[in-house]
Structures are given as structure tokens and as C-alpha cells.
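Numbering (this note's numbering), first residue to last: 3 to 290. All C-beta atoms, glycine included, are put in the ideal place defined by N, C-alpha and C. Notes to accompany the following structure.
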Amino acid sequence: MEISISIEHLTREANLREGAVRILKRQLHYRFGKLSPTIERHLDEASVGQLERWAASVLEANRLEDIFTLNIGKRLEICNEHLRCRASRIGDGRYVSLARQCLSIEVDYALWWELGRDSKDRESWMNLAKFYAAFSEAFGECGTRYYDWKGAFNFAFEVDVFNGETPNQYLLNVVNFRNTVEFRYGKIIPDTETRYDRHIMHAPFDEEFSAKQMGTLSAFLLGYAEGFLETAYQPYGRDFIKEVGSNLILFGCHEGVFFQKHFDDEYTFNLEKLKWRNHNLNIIDNET
């Protein structure tokens, strides 16, 4: 069921309202830099009317519902003067089909660290376990389209960017790579298109979907997932453990506590895996 998140709806659904405030914080941070403690406090304590005025003055929108609407589930939309797009979560089959038609866009490798700066607990939100849990709960189980030696999850989205009557189509793969998460975008083009080299990375097509707009969408997805997890799952009740073999990393959740551990050698790495097996918590197979 589609629900446009308006101020009135958020007032009735307190947990979703809190999540929306988190999303707004992330969008503001990405556009204007680190938020001051005063602004953070104003957002946290804002009344409905204050939130409307904040949206009008800072984001140049009349209401929060003018900033974004979303589908409860796997589709989200952003609609403001800076970006109009729709991101739909897709499965492996659809991802593979679209990836064949994609031009790879240069990855903003600093984005992961930029997104972490605005978290209430930066160290916590750089935790792969918490990221994985948040995206899994907000957007559905992870896919398998990642390098399983150097990563442990991915979440793929089909993105429609609206600049005119016909949307520009993009593919987004949110993928764990070593100890970070990368937001990898690709521009979908017809099979008959011959003007571009499909074997190289391309700079963003700014007239369609700029690097800043990609960052805005990435921040929006992370902010929504963060708010979703922290308002709907306290404490988090699903135990799991995953590994990044290339970097000797184990991450997961046990009895509501997220953890991420780095090891110096394979011996201690394997001992730690054995310990978790004794807790009846086996490594989630990265290939299934």
C-alpha cells in the first residue's frame, strides 16, 4: 500500500515521524555540511508546525511531504526542486539483466565516510553489521551480486530520475567492499547505443543525474534505513554473523548487540568463527 508521509501521518505514527526527522538530518547534512548542536536539538524537539517551517525555510518546500514520499516496503521517492527520482529495490535476476545495459559511473569512494559523519554515533554507524541489518529490514534480504571474498552483501535498486517527460534510468548497487560500503551507480542505455565505451568508468552525466544528486539519494536511503531500524527494532532481535575473508573481518549481531571484529591473522580469525559456532551461530554463506 502506498503511503505519502505527510506531517499529519507522521504525527499519528510517532516511530515513522522520528525516522523522517533522521532522514531530514542526513539530507541537510549532505547539502549544507555538519549540523550544529543547536539545529540538531531544534529538529529533535520540533513541533509539527516547526517542522513545516523548517522545511519551508531550509529546503524551500512548503511541507515535509513536498520533500519526499515513500512506499512502505521497497520503493522510495524523492521529490523536491533539487532532485526528483524513484528508487525501487530489485532482485538478482532483474539486477543482472539491467547490469548488461549499464555504463558504470565513477564511484565516490569518500561518500561512505561522509555519510558516517552525521550519525549520532559515528563509530556505530560505520559498523557493517548495523548497516546490513538496517538495509535488510528496510528493503528486504540482501542479494548475491558482490565479490564474496571481499564483501558480504549487496542491495540493488532500479532508479528513475525525472528531468522531463521521460525518466533517465539508472542502476544502483549498494555493496560491501572490504571494510566499507560503496554506492555504485550505472546509467542504463539501450543495447543499440554505440556512442559509449561500456568497458570503462564514466564521469556522471550531470545534466541527468549529477554526483551531488547521487549522494543525496544515497544519503536518503541510508537515513531511511537508519531511522527504520532504530524506531522499529529496539532491541534488534535477529542474530546473524557474516565474514569478509579478504580483510579477516567478522560482523554480526548477538542478543541485540552489533559487533564488527578485525583480526591480524587467519588463526585467530578461525578461532573466533569456531567460538560463534559454539553459540549455534554459523557464518551466513556468502554465496547463497
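Residue from the options with nearest C-alpha to residue i
i, options, result
"Asp-150", "Pro-192, Asp-241 and Val-177", "Val-177"
"Phe-133", "Glu-116, Thr-182, Pro-169 and Leu-100", "Thr-182"
"His-84", "Glu-210, Ser-90 and Ala-135", "Glu-210"
"Gly-239", "Ile-92, Leu-26, Ala-135 and Trp-114", "Ala-135"
"Glu-195", "Ser-248, Ser-99, Leu-105 and Glu-268", "Leu-105"
"Ile-206", "Tyr-172, Arg-86, Cys-144 and Leu-30", "At residue 206 the sequence reads Pro, which differs from the Ile that was named. With distances taken between Cα atoms, Pro-206 lies closest to Tyr-172."
"Ser-248", "Ile-202, Pro-237 and Asp-267", "Asp-267"
"Asn-170", "Phe-159, Phe-157, Lys-189 and Ala-158", "Lys-189"
"Pro-237", "Glu-245, Gly-229, Gly-258 and Ala-221", "Gly-258"
"Phe-157", "Glu-167, Gly-166, Glu-184 and Asp-208", "Glu-184"
"Glu-116", "Lys-277, Arg-91, Leu-37 and Thr-270", "Leu-37"
"Asp-46", "Phe-155, Gly-166, Asn-165 and Gly-229", "Gly-229"
"Asn-82", "Leu-219, Glu-274 and Asn-280", "Leu-219"
"Asp-208", "His-201, Arg-200, Ile-202 and Asn-165", "Asn-165"
C-beta atoms of residue i and residue j nearer than 9 Å
i, j, result
"Ala-234", "Phe-141", "no"
"Arg-28", "Leu-224", "yes"
"Phe-179", "Gly-145", "no"
"Ile-251", "His-264", "yes"
"Val-163", "Arg-102", "no"
"Leu-100", "Arg-88", "no"
"Phe-222", "Ile-80", "yes"
"Lys-275", "Glu-245", "yes"
Coil, strand or helix - residue i by DSSP
i, result
"Lys-275", "helix"
"Phe-230", "helix"
"Thr-182", "strand"
"Leu-66", "Bear in mind that a pLDDT of 44 at Leu-66, under 50, signals an unreliable position, so the model cannot answer this."
"Glu-268", "helix"
"Ala-221", "helix"
"Leu-85", "coil"
"His-201", "coil"
"Ser-59", "A caution first: Ser-59 carries a pLDDT of 49, below 50, which makes its placement in the model unreliable, though a value can still be read off. Of the three classes helix, strand and coil, the one that applies to Ser-59 here is helix, per DSSP."
"His-281", "coil"
"Ser-38", "coil"
"Gln-262", "strand"
"Gly-239", "coil"
"Leu-250", "coil"
"Glu-79", "strand"
"Thr-13", "Unreliable placement is indicated for Thr-13, whose pLDDT of 43 sits below 50; the coordinate value is still reported in the next sentence. Residue state, collapsed to three classes: helix."
"Gly-95", "helix"
"Glu-47", "helix"
"Leu-72", "Low local confidence applies: a pLDDT of 37 at Leu-72 is under 50, so the model's placement there is unreliable, and no value is given."
Same chain, Cβ closer than 6 Å to residue i, neighbours up to 5 away in sequence not counted
i, result
"His-256", "Asp-241"
"Phe-260", "Asn-129, Ala-131 and Lys-132"
"Leu-174", "Phe-159, Val-161 and Tyr-187"
"Phe-271", "Leu-250 and Phe-265"
"Met-216", "Tyr-187"
"His-281", "none"
"Trp-114", "Thr-182 and Val-183"
"Tyr-97", "Arg-147 and Ala-158"
is_contact[residue i, chain D] using C-beta, thresh 9 Å
i, result
"Arg-24", "The displayed structure is made up of one protein chain only, and chain D is not part of it."
Sequence-distant residues of the same chain with beta carbon closer than 7 Å to residue i, five excluded per side
i, result
"Ser-138", "Cys-144"
"Asp-94", "Gly-145, Thr-146 and Arg-147"
"Asp-193", "Gln-103"
"Ala-213", "Asp-110 and Pro-206"
"Ser-90", "Lys-76, Arg-77, Phe-159 and Glu-160"
Own chain partners of residue i with C-beta closer than 8 Å, once the 5 adjacent residues on each side are dropped
i, result
"His-204", "Leu-105, Ser-106, Ile-107, Glu-108, Lys-189 and Tyr-198"
"Glu-42", "Lys-27"
"Ile-191", "Gln-103, Cys-104, Leu-105 and Tyr-198"
Cβ-heavy atom distance, residue i to the ligand COA, below 8 Å
i, result
"Val-246", "Among the components of this structure there are no ligands whatsoever, and the ligand COA is therefore not found."
**OP:** Please list the segments of the alpha helix (DSSP H) lying wholly inside the stretch 104-174, counting only runs of 4 or more residues, in order along the chain.
**Re:** Here the runs fully enclosed are 113-118, 124-127 and 130-141.
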